[in-house]
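Asker: Take the sequence shown: its letters are residues 18 to 507, numbered as in our numbering. Just so you know, even glycine gets a beta-carbon here, dropped at the ideal spot from N, CA and C. Quick caveat, the model's predicted, so the values are computed rather than measured. Before I ask anything, let me first share the structure, which is written out below as C-alpha cells.
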Amino acid sequence: MTRFRNTVNGQPRGGDQWIASLNPFDGEAWAEIPRGTAADADEAVTAAHKAFSSGPWPAMTATARGKLLRRFGDLILRDAEKLAAIEVRDNGKLYAEMLGQLRYIPEWFHYFGGLADKIEGGVLPMDKPEMFAFTKPEPLGVVVAITPWNSPLLLLAWKLAPALAAGCTVVIKPSEFTSCSTLALMELVAEAGFPPGVVNTVTGYGSEIGTALSEHPLVAKLAFTGGDATGTAVYSSAAKGLKHVTLELGGKSPNIIFDDARLEDAVKGAISGIFAASGQTCIAGSRLLVQRSVYEEVAQRVTAFAGTAQMGDPMLDTTQVGPITTVPQRDKVLSYIDMARQEGARCLLGGGRPSRPDLARGWFVEPTIFADVDNSMRIAREEVFGPVLSIIPFEDEDHAVEIANDTIYGLAAGVWTGSTRRAFLMADKLQAGTVWVNTYRAVSFMAPFGGYKKSGIGRESGQAAIREYLQTKTVWINLAEGVSNPFVLR
Ligand code: TXE
Numbered sequence: 018m019t020r021f022r023n024t025v026n027g028q029p030r031g032g033d034q035w036i037a038s039l040n041p042f043d044g045e046a047w048a049e050i051p052r053g054t055a056a057d058a059d060e061a062v063t064a065a066h067k068a069f070s071s072g073p074w075p076a077m078t079a080t081a082r083g084k085l086l087r088r089f090g091d092l093i094l095r096d097a098e099k100l101a102a103i104e105v106r107d108n109g110k111l112y113a114e115m116l117g118q119l120r121y122i123p124e125w126f127h128y129f130g131g132l133a134d135k136i137e138g139g140v141l142p143m144d145k146p147e148m149f150a151f152t153k154p155e156p157l158g159v160v161v162a163i164t165p166w167n168s169p170l171l172l173l174a175w176k177l178a179p180a181l182a183a184g185c186t187v188v189i190k191p192s193e194f195t196s197c198s199t200l201a202l203m204e205l206v207a208e209a210g211f212p213p214g215v216v217n218t219v220t221g222y223g224s225e226i227g228t229a230l231s232e233h234p235l236v237a238k239l240a241f242t243g244g245d246a247t248g249t250a251v252y253s254s255a256a257k258g259l260k261h262v263t264l265e266l267g268g269k270s271p272n273i274i275f276d277d278a279r280l281e282d283a284v285k286g287a288i289s290g291i292f293a294a295s296g297q298t299c300i301a302g303s304r305l306l307v308q309r310s311v312y313e314e315v316a317q318r319v320t321a322f323a324g325t326a327q328m329g330d331p332m333l334d335t336t337q338v339g340p341i342t343t344v345p346q347r348d349k350v351l352s353y354i355d356m357a358r359q360e361g362a363r364c365l366l367g368g369g370r371p372s373r374p375d376l377a378r379g380w381f382v383e384p385t386i387f388a389d390v391d392n393s394m395r396i397a398r399e400e401v402f403g404p405v406l407s408i409i410p411f412e413d414e415d416h417a418v419e420i421a422n423d424t425i426y427g428l429a430a431g432v433w434t435g436s437t438r439r440a441f442l443m444a445d446k447l448q449a450g451t452v453w454v455n456t457y458r459a460v461s462f463m464a465p466f467g468g469y470k471k472s473g474i475g476r477e478s479g480q481a482a483i484r485e486y487l488q489t490k491t492v493w494i495n496l497a498e499g500v501s502n503p504f505v506l507r
C-alpha cells in the first residue's frame, strides 16, 4: 500500500500512527497518511514561521516569487493526470471532472504569480508640511490552509496561490479523507524550488490537530473551506488569537428557472447544478425554483434527463455519477432523503442506494429528485451535499426572490431567463456572492468567489484575493528638522 508522508521544513515526516485512505468506489484502503498530533502541528507552524522570518523567502523579490509560482503551475500541468487519478481514488469524483480541475489549477498559479509584483503601495498626498508618507503592503505571516474532501487541490490552489504570491508561508491541513493528492503535490513544491519551510503539511483528524493549528500563536491567518459548523469553530479559535480568516462554507443555492428561459438549457443547468460531482459541491444548486407555468414540464424533463445518468466507476469516461466520498456523508445524504419523504415531498426519482450488484461495494446514492418541496422543509433549508434536488414552485419575480433569499446561506444563485431586464434585476436582488445567468457552476481564477450571510467571509480568486493575505504598513518620514510640541497630536 502506498504511504504518503508529510513535508515539514522540506523534509519528509511519517508518523507513529497512520490513517487509511479509502477508495469510495470499492471501499478498499489504497493508501495511508500520517495521523498527525498537536506536536506535529506545532512543528509545521514553527517551520513555516522560521521560513517567513528569515532565510531566502523574505529576501526574495516579488518578481522571483512570481516566477516560482508560475513554474509550480507548469509542473502541476505536467503531472495533471497523475494527480487527478490520486484524487479520484481518494474522493470518488469523476476522473473527467478531476482532470479538468487539475488542468485548470495551474491558471491560479500563473495568475497570482503574475500579480505578485504588481501589488503596489501609494504615496500619500500629505496634509502636513515637510512630512512624507507612503503605504506598503506586507504579507500577513503564517497561513494555515484547511481544506475539505470534495475538491482538495482546487480549493487548496485558491488559498495557496494568493498566499505565496503575497509572500506568506503556509501550513496545509487537508481533509483526513483526501490528503493523498496534497502530499503528492509537495514533490512539485520542492521541484519548483520553493525554499524549505515555505509550504508544509500536517495530516490527521480535525478533532486532533485542528485546534493546535487554529489557536497556534505563530499563525496569522486561517483560510478554511468546509462545513459551516466546523467553520464556526475555526472562526471562534481565530477570534481567541485575533487571527485573520477567510471562510468558505456551505450553501443552499437557488437555481431559478423562469418561463421565458430556453428550457432545454435550463434543464441542463439544473442537472449540472446538482448531479455533477454527485452534488458534493458548495455551490450545488440544490433548490430548483421553477415558475408555476412551466413547473410540471421542467420537473418532468429534469427527471427524465437525470434518469439517464450513468452511475459507475469514476475512472470511466462513460460514468456520469460517481460515489459519495465518505461513508458518514453517504449516510447523511440518505438520512435527508428519508427526512424529505417524512416531510411530505414527492419523490420523482431515486431515493436510496442503487440496487446494481456492481455498485454494491461503493458508497453510491441514486440521483434523487423531490418535487412539491416547501421552502420551510429541512430538505430546503439544510445543506445535504449530495445528489438530491428539491423542486420548489414560484409565481413571479418577487416570489422567486423571496424564496431564494429565505435561507441562512448566500454562496451562489442561478437564473435562467430570456429577458435582459430580468437578468439584471435578479442579479441585483439575489443575496449571493455569485450569480450566474443562463449558466451554472462556472468558476475562474479571475472571478472573486465567496459567500454572503453564513456562506462565509472573504473572497478567493481575482485580484482582491491577494489582499486577504496582506496587511498595510503606513510609513511616515519627517523631513523637517526639530520636533514640535511633544504633548499634542502631530
Ligand atoms: O467537513 P469539515 P465534513 C459540508 C457538507 C458536509 C459537512 C460536513 O455539508 O456534509 O460540511 O463535512 C477540518 N479545527 N461541506 O465534516 O469538518 C477537517 O479535517 C480545524 C461543505 O467532512 O468542515 C477538514 O480538513 N479544522 C464544504 C476540513 O476541516 C477542522 C466541503 C473540512 O471538514 C476541525 C466539505 C477543527 N475543529 C463539506 N474539524 C464546502 N464548502 O465545499 C475538522 N476540521
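Going by beta carbon distance, what residues of the same chain come within less than 6 Å of Trp166, once the five residues before and after it are set aside?
Answerer: Translated into the one-based positions of the sequence shown, residue 166 becomes position 149. So the qualifying residues of the chain are Asn108, Ser192, Phe194, Thr195 and Thr342.
Asker: Specify the secondary structure class of Ala240 as computed by DSSP and reduced to three states.
Answerer: Here residue 240 corresponds to residue number 223 of the sequence shown, with the count starting at 1. The answer is strand: DSSP assigns Ala240 an E or B state.
Asker: With a cut-off of 8 Å on the beta carbons, I'd call Leu428 and Ser270 a contact; round off their distance for me.
Answerer: Taking the sequence shown and counting its residues from 1, one reaches residue 428 at position 411. Taking the sequence shown and counting its residues from 1, one reaches residue 270 at position 253. Leu428 to Ser270, Cβ: 6 Å. Contact.
Asker: For His261, which three-state DSSP category applies?
Answerer: Taking the first residue of the sequence shown as position 1, residue 261 is located at position 244. Correct three-state label for His261: strand.
Asker: State the DSSP-derived secondary structure class of Pro515, mapped to helix, strand or coil.
Answerer: An answer regarding residue 515 cannot be provided, because it is not within the stretch 18 to 507 covered by the chain.
Asker: Can Val219 and Val188 be called in contact, C-beta distance under 8 Å?
Answerer: Your numbering for residue 219 matches position 202 in the sequence shown. Your numbering for residue 188 matches position 171 in the sequence shown. It is a contact, given that the beta carbons lie within the stated cut-off.
Asker: Just verifying my parser: in three-state terms, what is the DSSP assignment at Lys110?
Answerer: Counted from its first residue, the sequence shown places residue 110 at position 93. The answer is coil: DSSP assigns Lys110 none of H, G, I, E or B.
Asker: Report yes if the C-beta of Glu314 is less than 7 Å from at least one heavy atom of the ligand TXE; otherwise report no.
Answerer: For the purposes of this step, residue 314 is identified with residue 297 of the sequence shown, where counting begins at 1. It does not: the Cβ of Glu314 is nowhere closer than 7 Å to a heavy atom of the ligand TXE.
Asker: What whole-angstrom Cβ distance do Ile93 and Ile122 have, given they're in contact under 8 Å?
Answerer: As a working note, residue 93 is residue 76 in the sequence shown. As a working note, residue 122 is residue 105 in the sequence shown. Indeed, because the Cβ distance is near 6 Å, the residues count as touching under 8 Å.
Asker: Within the continuous beta strand (DSSP E) that includes Thr186, where are the two ends?
Answerer: Residue mapping note: residue 186 aligns to position 169 of the sequence shown, counting from 1. Here the beta strand (DSSP E) through Thr186 covers Thr186 to Lys190.
Asker: Would you please state the rounded distance, in angstroms, between the beta carbons of Asp134 and Thr80? I believe it to be under 8 Å.
Answerer: Position 117 of the sequence shown holds residue 134. Position 63 of the sequence shown holds residue 80. The pair is a contact, with the Cβ atoms about 4 Å apart (cut-off 8 Å).
Asker: With a threshold of 16 other CB atoms inside 10 Å of the CB of Tyr112, please say whether the residue is buried or exposed.
Answerer: Position 95 of the sequence shown holds residue 112. Tyr112 comes out buried.
Asker: Can you grab the Cα-Cα spacing for the pair Gly267 / Gly221, in whole Å?
Answerer: Residue mapping note: residue 267 aligns to position 250 of the sequence shown, counting from 1. Residue mapping note: residue 221 aligns to position 204 of the sequence shown, counting from 1. Their Cα atoms are separated by approximately 22 Å.
Asker: Which value, in whole angstroms, describes the spacing of the CA atoms of Ser310 and Glu412?
Answerer: As a first step, residue 310 is located in the sequence shown; it is residue number 293 there, counting from the start. As a first step, residue 412 is located in the sequence shown; it is residue number 395 there, counting from the start. Approximately 8 Å, taken between the alpha carbons.
Asker: Could you compute how far the alpha carbon of Leu447 sits from the alpha carbon of Lys470?
Answerer: In the sequence shown, the residue the question calls residue 447 occupies position 430. In the sequence shown, the residue the question calls residue 470 occupies position 453. If you take the alpha carbons of Leu447 and Lys470, they lie about 12 Å apart.
Asker: Evaluate contact between the segment 227-243 and the segment 161-175, counting only Cβ atoms and requiring at least three cross-stretch pairs below 8 Å.
Answerer: Contact between the segment 227-243 and the segment 161-175 is present, because at least three Cβ pairs lie under 8 Å.
Asker: Mark Gly110 as exposed unless 16 or more other C-beta atoms lie within 10 angstroms of its C-beta, in which case mark it buried.
Answerer: Taking the first residue of the sequence shown as 1, we reach residue 110 at position 93. The identity of residue 110 in the sequence shown is Lys, whereas the question assumes Gly. Buried, since its Cβ has 16 or more Cβ neighbours within 10 Å.
Asker: Considering only DSSP beta bridges, list what Gly431 is partnered with.
Answerer: Position 414 of the sequence shown, counting from 1, holds the residue named residue 431. The partner list for Gly431 (beta bridge, DSSP) reads Asn272 and Trp453.
Asker: The alpha helix (DSSP H) that contains Lys349, what's its start and end?
Answerer: Reading the sequence shown from its first residue, position 332 is the one you call residue 349. Counting along the chain, the alpha helix (DSSP H) containing Lys349 begins and ends at Val344 to Glu360.
Asker: What number of angstroms, rounded off, separates the C-alpha of Ala237 from the C-alpha of Phe69?
Answerer: The residue given as residue 237 occupies position 220 in the sequence shown. The residue given as residue 69 occupies position 52 in the sequence shown. Near 11 Å, if we compare the C-alpha coordinates of Phe69 and Ala237.
Asker: Is the closest heavy atom of the ligand TXE to the C-beta of Val251 under 7 Å?
Answerer: Along the sequence shown, read from residue 1 onward, the residue named residue 251 stands at position 234. Correct: Val251 has its Cβ closer than 7 Å to the ligand TXE.
Asker: Rounded to whole angstroms, what's the CA-CA distance from Asn10 to Ala64? Just pull it up for me.
Answerer: One cannot answer for residue 10 here, as it falls past the ends of the chain, which runs 18 to 507.
Asker: Would you check whether the ligand TXE has a heavy atom nearer than 7 Å to the C-beta of Lys349?
Answerer: Numbered from its first residue, the sequence shown carries residue 349 at position 332. Within the cutoff, so yes.
Asker: Give the range of the alpha helix (DSSP H) segment to which Leu181 is assigned.
Answerer: Here residue 181 refers to the residue found at position 164 of the sequence shown. Segment Pro169 to Ala183, the alpha helix (DSSP H) holding Leu181.
Asker: Comparing the CB of Pro191 with every heavy atom of the ligand TXE, is any distance shorter than 7 Å?
Answerer: In the sequence shown, counting from the first residue as 1, residue 191 sits at position 174. The answer is yes for Pro191.
Asker: How about Leu351 and Ala388: are their beta carbons less than 8 Å apart?
Answerer: As a position in the sequence shown, residue 351 is number 334, starting the count at 1. As a position in the sequence shown, residue 388 is number 371, starting the count at 1. Not closer than 8 Å, so no.
Asker: My output table needs one value for Gln297: the three-state DSSP class, helix, strand or coil.
Answerer: By one-based count along the sequence shown, residue 297 stands at place 280. Gln297: coil per DSSP, three-state reduction.
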